[in-house]
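Encoded as structure tokens, the structure appears first; notes follow it.
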Amino acid sequence: MSTPQFQVIARYFPQAGQTEAVLTLLGELAAASRTEPANRAYDFYRGVTNSDEIVILERYDDEAGFAAHRDSEHFQRIGVGRIIPLLADRVIERFHEATDA
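The opening residue of the sequence shown carries number 1 in the UniProt record's numbering; numbering runs sequentially from there.
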């Protein structure tokens, strides 16, 4: 039996006038994150109803993979150092893959 994957859903709400900058930086962060050994997916989307809302869908082999992502040089430099200061708010949700019963 394999270990269930770990899913992260992040909702970013950029400060007024910062959405395009956040999207550009997320492109850089996504490219680097996709090279992580435990990363299975890293995609982001702009809201249809609220074009200033950004949803990020991340999938990792396990929680340790997500922890490694958060500790990575690129996340600290781009995510913590450049993206988070441009946000008015963010919501991070974490899920374990539901296994078939």
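Note that the Cβ used here is the ideal one computed from N, Cα and C, for glycine as well.
A direct Cα-to-Cα measurement between Leu-23 and Ile-92 gives close to 17 Å. Judged by DSSP in its simplified three-state form, Arg-77 adopts helix. Nearest to Arg-82 by alpha-carbon distance, out of Thr-3, Ile-54 and Ala-21, is Ala-21. With a 10 Å radius around the Cβ and a threshold of 16 neighbouring Cβ atoms, Ile-9 comes out exposed.
Tyr-45 counts as exposed, since fewer than 16 other C-beta atoms from the protein chains shown sit within 10 angstroms of its C-beta.
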